[in-house]
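Visitor:
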Amino acid sequence: MKKTKFLIATAILGIATFVAIAADHIDAPAVAGGTSDITDIFAFQGANTSNIALVANVQGLIAPGTATQNAAFDENVLIEFNIDTNADASADLVIQAIPRDGKMYFFGPTASTSNGLNSSIDTNASIQGSVDITPYGQSAVVASSGGLQYFAGPRDDPFFFDFTAYGEIIAGNATSFNNPGTDTFAGTNVMSVVVEVPKAMIGGSGDVNVWVTTKRK
Amino acid sequence: MKFNNIKLFTLALLVGLSAYNCNNDDDAINNDAQLDFSGTYSQEDQMGRPAINTVFVDSGMKDAFNTTLPSNQGAAFQSSFEAKLLALNPGYTTNALGLDATTFTTVLATDVLTVTLDGTTTFFDGTNVLTGRALADDVISTELLLIFGGPSGADNPGLTDDNVDSNDKQFLSSFPYLASPF
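As you go down the protein sequences, you meet chains U and S in turn. Heads up: the first sequence is residues 9 to 225, going by this note's numbering. Heads up: the second sequence is residues 139 to 320, going by this note's numbering.
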């Protein structure tokens, strides 16, 4: 019994060490495997080229089936898209997303009032919206208001990387990648928040800097 | 009796208002008394460009990196990023962007994703560089090329591409763009 426990513990440790390198999946001890763990962010021009689509994914490596069925956004975890419009790496605008009772609520883009490591939710933001969180196995539920579009729910992890081969190279067990490589993230899901916002609301033209933060109550 | 009537009327009014709010909660979040958005939320994780914390931050500093404001990350992490880059690739001189080790890691240590509002948004598409991040962008191979590829991109050919060039599921052409879950 003791030996079995030891073996299981070793296996878990081994897996944890093994998957510790990805886009941002399980990137640090305090967040690894938790509900605030960001796996990826994306920012790209929308199908409507007047818009930018912002994607924040959390809770990586969710197996299909029961695990995805049971996966949920955490009502104590605030997801923020931070936008710097004047190239000083400080947030000028923020879009906040927080789940409540099966819906994801959005505040902003609005002037970032905290611009620090602690935030309160800006319930006075002039731009607000919400969308039903799409249940697993159902078609994507989207909402739109005021020129913005919203989605929240489980999605296929869009990240792809032969992370196994990278690990072997870093460990000194291999000197090159395999060809073809193997996508370590194939067949796994994440919890996604997608907001499409008019460019006019986040600076209009030029460059902006974007990053995602998760904050816990 | 009169008092009871007032109470009933008030109750009816409240029910009516509640029902109204339920039908319009997309627009009237503040009026939905059942939802509590109060409190202070403290930072746990952050991310700008892909794989920065995992590749460049030393194991004991990863939580610290996640709770350092981007405007402070350069001063706090650039030198350790440079050491990590030179450990990964001891032969590093410059990369395909023409950046020496100090300049390249200065860019990387401030972990924000630059996005253009004026056109093509991509991590790298052969022409445009670091103008955003689209779902299909092969960001890992781009980063490997910049870390290991040298000034022409031809150095260390076995390390500059993981040979996984696309996602395992097709993305959507319209919102919400990401593929349905497995």
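C-beta atoms are modelled at their ideal positions from N, C-alpha and C, and glycine is treated no differently.
1. Indicate whether at least one CB of chain U lies closer than 8 Å to the CB of Lys222 of chain S.
2. Consider the Cβ of Asn162 of chain S: report whether some Cβ of chain U lies at a distance smaller than 8 Å.
3. I'd like to know whether the C-beta atoms of Gly214 of chain U and Leu255 of chain S end up nearer to each other than 8 Å.
4. Around the Cβ of Ala71 of chain U, are there at least 16 other Cβ atoms within 10 angstroms (buried) or fewer (exposed)?
5. In angstroms, rounded to a whole number, what distance separates the CA positions of Leu226 of chain U and Ser176 of chain S?
6. Near Pro289 of chain S, which residues of its chain fall below 6 Å by C-beta distance, leaving aside the five closest residues on each side in sequence?
7. Taking Cβ positions, are Leu101 of chain U and Tyr179 of chain S nearer each other than 8 Å?
8. Mind checking which residues open and close the beta strand (DSSP E) that includes Ile135 of chain U?
9. Name the residue from S:Leu173, S:Asp306, S:Val195 whose alpha carbon lies nearest to the alpha carbon of Gly212 of chain S.
10. For Gln216 of chain S, name the three-state secondary structure that DSSP assigns.
11. Would you please verify whether the beta carbon of Ser218 of chain S is less than 8 Å from any beta carbon of chain U?
12. Is it true that the segment 158-168 of chain U meets the segment 311-319 of chain S, where meeting means three or more beta-carbon pairs spaced less than 8 Å apart?
13. What first and last residue would you give for the beta strand (DSSP E) that runs through Gly68 of chain U?
14. What's the call for Ser304 of chain S, buried or exposed, on a 16-neighbour Cβ count within 10 Å?
15. Name the residue from U:Phe168, U:Gly154, U:Ser58 whose alpha carbon lies nearest to the alpha carbon of Ala189 of chain S.
16. Taking Cβ positions only, does Pro228 of chain S come closer than 8 Å to chain U?
17. Ignore the nearest five residues each way along the sequence and tell me which others in Thr298 of chain S's own chain have a CB closer than 8 Å to its CB.
18. Note down, one range per segment and in chain order, each beta strand (DSSP E) of at least 3 residues found wholly within the segment 156-204 of chain U.
19. Using the Cα positions of Ala225 of chain S and Ala239 of chain S, report the straight-line distance between them to the nearest angstrom.
20. Against Ile134 of chain U, what residues of chain S qualify as contacts under a CB-to-CB distance less than 9 Å, listed in chain order?
21. Mind checking the segment 48-63 of chain U against chain S and listing, in chain order, the residues whose C-beta falls within less than 8 Å of any C-beta there?
22. Using the DSSP secondary-structure output, state which residues sit across from Met112 of chain U in a beta bridge.
23. Would you call the CB atoms of Gly145 of chain U and Phe114 of chain U closer than 8 Å?
Guide: Taking the coordinates as given:
1. For Lys222 of chain S, the answer is no, since every Cβ of chain U falls outside 8 Å of its Cβ.
2. Any reading at Asn162 of chain S must be qualified, since the residue scores a pLDDT of 42, below 50, and its modelled position is unreliable; the value itself is stated next. It does not: the Cβ of Asn162 of chain S has no partner Cβ on chain U nearer than 8 Å.
3. Less than 8 Å separates the beta-carbon of Gly214 of chain U from that of Leu255 of chain S.
4. Label assigned to Ala71 of chain U: exposed.
5. The structure shown does not extend to residue 226 of chain U, since chain U is modelled only from 9 through 225, so no value can be given for it.
6. Same-chain partners within the cutoff: Thr232.
7. No, Cβ-Cβ distance for Leu101 of chain U and Tyr179 of chain S is not below 8 Å.
8. Counted as a single uninterrupted DSSP element, the stretch harbouring Ile135 of chain U is not any beta strand (DSSP E), since DSSP gives it neither H nor E.
9. Between Gly212 of chain S and the set S:Leu173, S:Asp306, S:Val195, the nearest pair of CA atoms involves S:Val195.
10. Looking at Gln216 of chain S - three-state DSSP - the assignment turns out to be helix.
11. No, Ser218 of chain S lies away from the interface with chain U (no Cβ there is under 8 Å from its Cβ).
12. Pairwise C-beta distances place the segment 158-168 of chain U in contact with the segment 311-319 of chain S, as three or more of them are shorter than 8 Å.
13. Unbroken beta strand (DSSP E) run through Gly68 of chain U: 59-70.
14. Flag for Ser304 of chain S reads exposed.
15. Of the listed residues, the one whose Cα sits closest to Ala189 of chain S is U:Phe168.
16. Not closer than 8 Å to any Cβ of chain U, the Cβ of Pro228 of chain S fails to qualify, so no.
17. Excluding residues within five positions, the ones whose Cβ falls inside 8 Å are Ser279, Leu282, Leu283, Phe286, Gly287, Gly291.
18. Counting whole runs of 3 or more residues, the segment 156-204 of chain U contains the beta strand (DSSP E) stretches 156-164.
19. Looking at the two C-alpha atoms, the distance is approximately 11 Å.
20. Before going further, note that residue 134 of chain U is Ser rather than Ile in the sequence given. Per Cβ cutoff of 9 Å: no residues; Ser134 of chain U is ~11 Å from chain S at best.
21. Listed by position, the residues of the segment 48-63 of chain U near chain S (Cβ gap below 8 Å) are Asp48, Ile49, Phe50, Ala51, Phe52, Gln53, Gly54, Ala55, Ile60, Ala61, Val63.
22. In the DSSP output, where bridge partners are listed per residue, Met112 of chain U has U:Pro107, U:Val139.
23. The answer is no: Cβ separation not under 8 Å.
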